[in-house]
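2 protein chains.
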Amino acid sequence: MAEAGFEGLRLRQVAEDVGIDHSTLHHHFATKQDLIGAIAEYTTRQFWTTGPETSDPASALRGHLLALRRMVEDQPHLFAVTVELDLRARRDPAVATAMARHEAGWRSFLTGVLVDGTTRGVWDLPVDAEATTELVIAAVKGVRLAPEAAAQVFGQLEALLVGRAPDDTEGERL
Amino acid sequence: MAEAGFEGLRLRQVAEDVGIDHSTLHHHFATKQDLIGAIAEYTTRQFWTTGPETSDPASALRGHLLALRRMVEDQPHLFAVTVELDLRARRDPAVATAMARHEAGWRSFLTGVLVDGTTRGVWDLPVDAEATTELVIAAVKGVRLAPEAAAQVFGQLEALLVGRAPDDTEGERL
DNA sequence: TAGCCTCAACCAAGTGGTTGGTGGAGCTAG
DNA sequence: CTAGCTCCACCAACCACTTGGTTGAGGCTA
Numbered sequence: 040m041a042e043a044g045f046e047g048l049r050l051r052q053v054a055e056d057v058g059i060d061h062s063t064l065h066h067h068f069a070t071k072q073d074l075i076g077a078i079a080e081y082t083t084r085q086f087w088t089t090g091p092e093t094s095d096p097a098s099a100l101r102g103h104l105l106a107l108r109r110m111v112e113d114q115p116h117l118f119a120v121t122v123e124l125d126l127r128a129r130r131d132p133a134v135a136t137a138m139a140r141h142e143a144g145w146r147s148f149l150t151g152v153l154v155d156g157t158t159r160g161v162w163d164l165p166v167d168a169e170a171t172t173e174l175v176i177a178a179v180k181g182v183r184l185a186p187e188a189a190a191q192v193f194g195q196l197e198a199l200l201v202g203r204a205p206d207d208t209e210g211e212r213l
Numbered sequence: 040m041a042e043a044g045f046e047g048l049r050l051r052q053v054a055e056d057v058g059i060d061h062s063t064l065h066h067h068f069a070t071k072q073d074l075i076g077a078i079a080e081y082t083t084r085q086f087w088t089t090g091p092e093t094s095d096p097a098s099a100l101r102g103h104l105l106a107l108r109r110m111v112e113d114q115p116h117l118f119a120v121t122v123e124l125d126l127r128a129r130r131d132p133a134v135a136t137a138m139a140r141h142e143a144g145w146r147s148f149l150t151g152v153l154v155d156g157t158t159r160g161v162w163d164l165p166v167d168a169e170a171t172t173e174l175v176i177a178a179v180k181g182v183r184l185a186p187e188a189a190a191q192v193f194g195q196l197e198a199l200l201v202g203r204a205p206d207d208t209e210g211e212r213l
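Quick note, the sequences are listed as chains A and B, same order.
Position 117 of the first sequence, counted from 1, bears residue number 156 in the numbering used here, the numbering being contiguous throughout.
Position 73 of the second sequence, counted from 1, bears residue number 112 in the numbering used here, the numbering being contiguous throughout.
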């Protein structure tokens, strides 16, 4: 998937990759649609990572960004598939709902953290919670296409929001 | 293209849309590759808009963001194709070079403006030129998938960088 | 026997691409 | 004017191949 994308997704190839006949594949997934639905389901589920509990909005946001950055760098293929899914969602209702569900959770988490920070006066910038949520989501979605720039993007985003100087070479502190 | 994407791009369909036989299409574009190359060429060329000349980095950046926002809102199909191209570029060298060329120009423009602003001390935030360039590019690329959030994303980005309160309902001032 | 899981063979519907040929616009020589 | 010629855009028919999906016939374990 991550290599060929949906455009190059062939049932025979998938079957061969897992070492079975392509007709056998139909035994597990009745139609190609079902396979794709399962892919969408599986992929979005991969993002269910429970970050460390933090009551501080700033470090919560920082931790979230760091976690995303790590994921982009360590599992670029996962994000590659996500891009395919985002595109596919435009024409495939099943994928669309899976992605919408996934994104709704993400969105509410981000907005929650940002609102929390605003009420506590953590940000020293004009931060609109919803707008910033969209900004972060857009930035992450965009960086999926260029994982090598992940460090820069996340670093700068963090600097702007949480007010820390961007440096890529910080240590292991979580 | 914007509707079906590359995955659904069929020469016969394209030919029918323009009212010719599919074999005639081969008369103009020898192979499907050639057609796709032409699409990439044409699409990237659409972004050659010469913005208003400004010596002020802040308003230059603001104008750039505004122009992009307008484009996203007015020609979402154009950006839809761009997403397809970005994805295609992963496996198609021809598309990759076209996109790389286009992106290089964009990148150098952004970095130029940001560096300019830094030397003049325009930004009152820790703005790393290259990193911020990547951030802006990532945000724009991400927002293509959700044009309805364009106003929020660009507004917030502008607020963070140029330091203006995010409001979507400003007037026609250019 | 029953219930899965597996496969080879097959099918209809496309797929990109090729071939041979048609008809009209434009040019030139008689 | 017109006969002869070359382009050019066009098409119907065709080809080799791939696609997702089906069928029926085993095999394996319980």
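We put the CB at the ideal spot given by N, CA and C, even for glycine.
Nothing here was measured: the structure is a model prediction, and the numbers come from that model.
Nothing from the segment 50-74 of chain A brings a Cβ to less than 9 Å from some Cβ of chain B. Of all residues in the segment 161-181 of chain A, those with a C-beta nearer than 7 Å to a C-beta of chain B are 164, 165, 167, 169, 170, 171, 173, 174, 176, 177, 178, 179, 180, 181, reading in chain order. Of the residues assessed, residue 61/B falls on the exposed side of the cut-off, its CB having fewer than 16 other CB atoms within 10 angstroms. Within the same chain, and ignoring the five residues on either side of residue 189/A in sequence, the residues whose Cβ sits closer than 7 Å to its Cβ are 108, 111, 112, 182. Taking a Cβ-Cβ threshold of 7 Å, none of the residues of chain A is close to residue 149/B; the smallest such distance is about 12 Å. Around the beta carbon of residue 52/A, fewer than 16 other beta carbons sit within 10 angstroms, so the residue counts as exposed. Rounded to whole angstroms, the gap between the alpha carbons of residue 199/B and residue 97/B is 12 Å. The beta-carbon separation of residue 83/A and residue 141/A, rounded to 4 Å, stays under the 8 Å limit for a contact. Excluding its 5 nearest sequence neighbours in each direction, residue 123/B has C-beta neighbours in its own chain below 6 Å: 44, 45, listed in chain order. Collapsing the DSSP output to three states places residue 183/A in coil. Around the beta carbon of residue 99/A, 16 or more other beta carbons sit within 10 angstroms, so the residue counts as buried. In the three-state reduction of the DSSP assignment, residue 42/B falls in the coil class, being assigned neither a helical nor a strand state. Residues 178, 182 of the same chain have their beta carbon placed closer than 7 Å to that of residue 192/B, with the five preceding and five following residues left out of the count. Residue 186/B has its alpha-carbon roughly 23 Å from the corresponding atom of residue 143/B.
Proximity of the segment 57-77 of chain B to the segment 151-171 of chain B falls short of the contact definition, fewer than three beta-carbon pairs being nearer than 8 Å. Identification of residues in the segment 115-129 of chain B having a C-beta nearer than 9 Å to some C-beta of chain A yields 119, 122, 123, 125, 126, 127, 128, 129, given in sequence order. A direct Cα-Cα distance of roughly 6 Å separates residue 150/B from residue 172/B. Around the C-beta of residue 57/B, fewer than 16 other C-beta atoms lie within 10 Å, and the residue is accordingly described as exposed.
Taking 7 Å as the CB threshold, residue 194/A lines the interface with chain B. For residue 75/A, the secondary structure class from DSSP, reduced to helix, strand or coil, is helix. Against chain B, the CB of residue 107/A has no partner CB under 7 Å away; the residue lies outside that interface. Under the three-state reduction of DSSP output, residue 165/B falls in the coil class, being neither helix nor strand.
For residue 145/B, the enclosing alpha helix (DSSP H) covers residues 132-158. Your pair residue 134/A and residue 41/A does not check out as a contact, with CB atoms roughly 16 Å apart and the cut at 8 Å. One thing to note: residue 184/B has its Cβ within 7 Å of the Cβ of residue 125/A. Between residue 194/A and residue 170/B, the CB-CB gap stays under 7 Å. About 6 Å separates the beta carbon of residue 91/A from that of residue 102/A, a gap short enough to meet the 8 Å contact definition. In this structure, residue 137/B lies away from residue 55/B, with their beta-carbon atoms at least 7 Å apart. For residue 111/B, the enclosing alpha helix (DSSP H) has its first and last residue at 96-113. A residue is called buried when at least 16 other Cβ atoms come within 10 angstroms of its Cβ; residue 69/A does not meet this threshold and is exposed.
At a cut-off of 7 Å between C-beta atoms, residue 153/B does not count as an interface residue with respect to chain A. The contact set of residue 45/B on chain A, defined by CB atoms closer than 7 Å, consists of 46 in chain order. Closest by C-alpha distance to residue 128/B, out of 166/B, 72/B, 106/B, is 72/B. For the segment 85-105 of chain B, no residue has a beta-carbon sitting nearer than 9 Å to a beta-carbon of chain A. The alpha-carbon of residue 105/B is positioned some 15 Å away from that of residue 148/B.
Per DSSP, the unbroken alpha helix (DSSP H) holding residue 56/A starts and ends at 50-56.
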